[in-house]
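Note sheet for the following structure.
4 protein chains.
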Amino acid sequence: MSFFDYDGKKIYYEAYGQGKPILILNGIMMSTFSWINFKDALSAENQLILLDFFDQGQTDKLEEQYTQEVQVDLILALLDHLNIDKINLVGISYGGELGLQFAVKYADRLDRLVLFNTAAKTSPWLRDIGRAWNLSKDDPLNYYLTTIPIIYSPKFYNENYKWMDARKNLLVEKVFSDKIFMDSMERLTISAEGYDVLDKLGEVKADTLIVGAENDYITPLNEQKILNKGIVNSQFVILPDTGHGSMYERPLLFTSLILGFVNVIQTEYGIVD
Amino acid sequence: MSFFDYDGKKIYYEAYGQGKPILILNGIMMSTFSWINFKDALSAENQLILLDFFDQGQTDKLEEQYTQEVQVDLILALLDHLNIDKINLVGISYGGELGLQFAVKYADRLDRLVLFNTAAKTSPWLRDIGRAWNLSKDDPLNYYLTTIPIIYSPKFYNENYKWMDARKNLLVEKVFSDKIFMDSMERLTISAEGYDVLDKLGEVKADTLIVGAENDYITPLNEQKILNKGIVNSQFVILPDTGHGSMYERPLLFTSLILGFVNVIQTEYGIVD
Amino acid sequence: MSFFDYDGKKIYYEAYGQGKPILILNGIMMSTFSWINFKDALSAENQLILLDFFDQGQTDKLEEQYTQEVQVDLILALLDHLNIDKINLVGISYGGELGLQFAVKYADRLDRLVLFNTAAKTSPWLRDIGRAWNLSKDDPLNYYLTTIPIIYSPKFYNENYKWMDARKNLLVEKVFSDKIFMDSMERLTISAEGYDVLDKLGEVKADTLIVGAENDYITPLNEQKILNKGIVNSQFVILPDTGHGSMYERPLLFTSLILGFVNVIQTEYGIVD
Amino acid sequence: MSFFDYDGKKIYYEAYGQGKPILILNGIMMSTFSWINFKDALSAENQLILLDFFDQGQTDKLEEQYTQEVQVDLILALLDHLNIDKINLVGISYGGELGLQFAVKYADRLDRLVLFNTAAKTSPWLRDIGRAWNLSKDDPLNYYLTTIPIIYSPKFYNENYKWMDARKNLLVEKVFSDKIFMDSMERLTISAEGYDVLDKLGEVKADTLIVGAENDYITPLNEQKILNKGIVNSQFVILPDTGHGSMYERPLLFTSLILGFVNVIQTEYGIVD
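In order, the protein sequence lines correspond to chains Z, F, G and B.
All residue numbers for the first sequence refer to the numbering used here, where the first residue is 1 and numbers rise by one.
All residue numbers for the second sequence refer to the numbering used here, where the first residue is 1001 and numbers rise by one.
All residue numbers for the third sequence refer to the numbering used here, where the first residue is 2001 and numbers rise by one.
All residue numbers for the fourth sequence refer to the numbering used here, where the first residue is 3001 and numbers rise by one.
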């Protein structure tokens, strides 16, 4: 429930608990509010920090188009503001992209890195899917139907359809019909169009946990295989029967994977008979 | 290049070659024209029959909304017109849905069945994706970006982006900007909303080849696993690194799989040491 | 470094650290000694307990053939000896089988359950593989070549072949040529032949983490899918490019997964927008 | 039912039917007799040729150890004997290895190539599994249990256990207890130890169909991915729920895949809208 000033803008963040610090890097449609059900678990033994990026939640909007680099620099500003030397970053999709760019640009400020549903670059395929999102932005129901079903695994969407449908009405009527929100979403989506760290993966030296989901149709498993191949100290796990929105579909695994990987005291193991 | 009358409508079909007859059941956005590069291979040793369903190609449009049942009955009408007793059906996606309904309703007119990228029912998830298509139908570029990228595997789309982009201009300017075509697409899409043969798979007795694709994000692999489990005499193969548009991504496998399965003289094999 | 008496036998165990207790249930060829490189990480915030089952390590041998039930009861005896009310169990393969039987028989003594590379029953296929092991037991090199390569993913075995080969000599000359050890291995292998909790999976109510490995050729992924389907409160993750010996191939993931799942304070999460 | 002389040895082969010629390259434990249930289907529209390699079936044994190259040259000798200019080769496992070597050494005599359950090289992992086979060769039951279960998918083995068990008795009593047969098996197995065409895959220009099986624990799917990546004109399909013995587990797919790929008249397809 705190703000700080950065580059003439008000930046919103929240911090909970004590211990090795974990900063969550939101997915594109998220905000600090998205973590309400996760924050107790994630702050029990750790300092948990949540952040609204530019054009998210309670942080100021940006009026002109930008690239993800301003968000990456915002992470650094927050660390400086909080006097945190080394941070553990947990990025989800768009947030994972920011995490990888931070790992390259500010390597000495990074402890461990956890990446859920993240790609190494915005391919033409992914960029064109994002453009379909933006072209639907003036019709709330169209935007909902273009963005939301594909984010979830068919299994989760169908089994939780009643909840999905109730939430649809809320999103369509309150959120996707808000022009200010939609303009923010458009800028956020465009800010990722030029994203590409494929040739820099070798520079990522942090211990990295890569989490892919079997039914992720936005950043499919092949993307995480590329990350795993390119990042030298990376570990890779796959969540079966799970879609792009893995944190909502597998919340217990989401928290367990983060806490286990961030808190384990030892990352290198000999082999013994 | 022939027409016949059915239920007061003109129906367009093509027939080539001699041999065991194969009727192709188009995917939703296809027409007889889609097969120009395949027809030589598929008619070399077989009679190949192509058909424009209602609201496709040169067959008449339907003005009022209908269900897939009218298309299923159209298959029967074509067989009667051509005096074909038993047919081998090859269905792609929407066409696979028609093939399964035909297998249930007109089992005695079916020889073998080949299903590419087909599901047993239109789940809420798939229906909502179809609704996003229809909500974008008045904006040709939006329609293109909403429907086309997701149909292909990211790998194919990115590696063939130049071709994709050239085709995009054609589709956006000539096809998706044609209101008559778009109204047809809308009706075709809606006609599949109530599709559900899940409880009737046990009635399908035909030898059936089910082809799934690893990167199919419209009718994902789980759907073909359900078909394989439910259809007693079914065989199942998976095309790796392939998307929903498997016939375009793997044309040689597409023709090979059809010809091999339809033409093999023996479907039951003992086991020998 | 402790012994206790149970049923007229000396039982060896080790305990380290303080916190939520974790008891490791060894795989068939393991002993407490196998955990030398893992015990620091696993006991940093937890009480870690290691145990040699009958016919393992420093616990007494059994002379007559037994079933796994005696090992399951040994787990209970250890808990009683240590005055532990509820335990977190981590089972590897054979140990996972014991963990599942404990979960059914002594449900009220179980907190959470972690299963690596575990099946719900010893199928004829798995039983016959075990019988091949036993038929090779009088020839140390044969035993090595029959049991060890298949335990590892080809990738790990080939990339670490130098280490494998050095260890081969040690195992062949010191371990597999020891008749007492080999007789123990034979009894342990036979003790699992009748294992079957398939119809009792519904009785397992503990929060359970199931870890499968993509290249596990002893208890393949299908087995863990069955566990995941049958155990109501289960989570499922897959380790790509990993074999049956996942703890050796992915030690950092092994410890991270255990610690994250056992220590997370919250296992149920609402869904929020 | 024919013999011809080659290099002072009697070579046994069979030929059936007329049409594009298909030569089957046996797996290691097979012979011409293995094809009794397949030969009608495969010779209906093709000339089908079966061959016993050295140390298989009715072809002469070799007394001294050899490498696979003598088998590769035997293929050429048979083609010359039959006056066949270009052949379609279908290799299974060991036979697939021969097929790949033939494709490199005698490229101008090859039409199309079909590879079931084949690897590009004998890795240390695969070589050591073969050595376990050979070390068990003096005990028929041990040999059976070491080689046979792992060849099949657990699902197939368990569901057909009664048949498996009956066949076990036959194999153990008649085949694996025949010292001449077992000496042949040992030489065949050793002949593959030095196999490695990994660096020559780029030289294979023939249209190639690669068939992998999801539960192949001898030549796992990763091996076929390597082949697919290395062979320029290759197609790749995966058989789900199938083991190394795919021809026995999926006989209808086995014949369909061969006939479709060998007989299709066109291998290059343009892309059309």
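For every residue, glycine included, the Cβ atom is placed at its ideal position computed from N, Cα and C.
Subject >> B/G3130, enclosing alpha helix (DSSP H) - first and last residue >> reply: P3124 to L3135
Subject >> Chain-ordered neighbours of Z/N282 on chain F, where CB pairs are closer than 7 Å >> reply: Residue 282 of chain Z is absent from the structure shown; chain Z starts at 1 and stops at 273.
Original post:
Is the region 2041 to 2049 of chain G touching the region 2017 to 2028 of chain G in the sense that three or more CB pairs, one from each, lie closer than 8 Å?
Top reply: yes
Subject >> Amino acids of chain G, ordered along the chain, whose beta-carbon sits closer than 7 Å to that of B/D3128 >> reply: L2145 and P2149
Original post:
If you count every other CB in all the chains shown that lies within 10 Å of the CB of B/N3083, and 16 or more means buried, which is it?
Top reply: exposed
Original post:
Which residue from G/G2057, G/N2026 and G/G2027 puts its Cα closest to that of G/M2001?
Top reply: G/G2057
Subject >> DSSP state of G/L2082 mapped onto helix, strand, coil >> reply: coil
Original post:
For G/E2214, which of helix, strand or coil comes out of DSSP?
Top reply: strand
Original post:
Which term fits B/N3263, buried or exposed, when burial requires 16 or more other beta carbons within 10 angstroms of its beta carbon?
Top reply: buried
Original post:
From which residue to which residue does the beta strand (DSSP E) around B/Q3235 run?
Top reply: S3234 to G3243
Original post:
Would the beta-carbon of B/Y3013 fall within 9 Å of that of B/L3050?
Top reply: yes
**OP:** Might you give, ordered along the chain, the residues of its own chain that have their beta carbon closer than 6 Å to the beta carbon of G/E2193, omitting 5 neighbours on each side?
**Re:** T2122 and R2127
**OP:** Report back the beta-carbon spacing between Z/N134 and Z/E186 to the nearest angstrom; my notes put them in contact at under 8 Å.
**Re:** 5 Å
Original post:
Does the Cβ of G/A2166 have 16 or more other Cβ atoms within 10 Å, making it buried, or fewer, making it exposed?
Top reply: exposed
**OP:** With hydrogens ignored, establish whether the beta-carbon of B/L3025 is closer than 8 Å to any heavy atom of the ligand NAD.
**Re:** Among the components of this structure there are no ligands whatsoever, and the ligand NAD is therefore not found.
Subject >> Close Cβ partners of Z/T242 (< 7 Å) along its chain, the five nearest in sequence each way excluded >> reply: S153, A213, E214, N215, E249 and R250
**OP:** Note down, in chain order, every chain F residue with its Cβ under 7 Å from the Cβ of B/L3239.
**Re:** V1237
**OP:** Assign B/E3064 to one of two classes, buried (16 or more other C-beta atoms within 10 Å of its C-beta) or exposed (fewer than that).
**Re:** exposed
**OP:** Show which residues of chain G have a CB atom less than 9 Å away from the CB atom of B/W3163.
**Re:** Simply none; closest approach about 12 Å.
**OP:** Classify G/A2119 as buried or exposed, calling it buried when 16 or more other Cβ atoms lie within 10 Å of its own Cβ.
**Re:** buried
Original post:
Is the Cβ of G/F2261 closer than 9 Å to any Cβ of chain Z?
Top reply: yes
**OP:** Could you check the C-alpha separation between F/D1060 and F/F1054 for me, to the nearest Å?
**Re:** 6 Å
Subject >> Simplified DSSP assignment, three categories, for B/L3145 >> reply: helix
Subject >> Endpoints, alpha helix (DSSP H) assigned at B/I3092 >> reply: Premise fails: B/I3092 lies in the beta strand (DSSP E), I3087 to I3092, not in any alpha helix (DSSP H).
Subject >> Host beta strand (DSSP E) of Z/F4 (start-end) >> reply: S2 to Y6
Original post:
Among residues of its own chain, excluding the 5 on either side of Z/W35, which ones have a beta-carbon nearer than 6 Å to its beta-carbon?
Top reply: L50
Subject >> Cβ contact check for the region 93 to 105 of chain Z and the region 200 to 210 of chain Z: 3 or more pairs under 8 Å >> reply: yes
**OP:** For my contact list, F/L1257 and F/L1209 are in at a C-beta cut-off of 8 Å; report their separation, rounded to the angstrom.
**Re:** 7 Å
Original post:
Just how far apart, CA to CA, sit F/S1177 and F/L1141?
Top reply: 9 Å
**OP:** Compare the C-beta of F/N1222 with all C-beta atoms of chain Z and state if any pair is closer than 9 Å.
**Re:** yes
Original post:
Of all the CB atoms in chain F, is at least one closer than 9 Å to the CB of B/Y3106?
Top reply: no
**OP:** Please name the residue in B/D3052, B/V3070 and B/S3031 whose C-alpha comes closest to that of B/D3007.
**Re:** B/V3070
Subject >> Any chain F beta carbon closer than 9 Å to B/V3264 >> reply: yes
Subject >> First and last residue of the uninterrupted beta strand (DSSP E) at Z/F53 >> reply: Note, Z/F53: premise wrong, no beta strand (DSSP E); not H, not E.
Original post:
To which residues does DSSP link Z/K46 through a beta bridge?
Top reply: Correcting the residue type first, residue 46 of chain Z is Asn in the shown sequence and not Lys. Paired residue(s): Z/K20.
Original post:
If you draw a straight line from the C-alpha of B/V3272 to the C-alpha of G/Q2235, how long is it?
Top reply: With a pLDDT of 46 at B/V3272, under the threshold of 50, the predicted position of this residue should be treated as unreliable, though the coordinate-derived value follows. Going by the C-alpha atoms only, they are around 45 Å apart.
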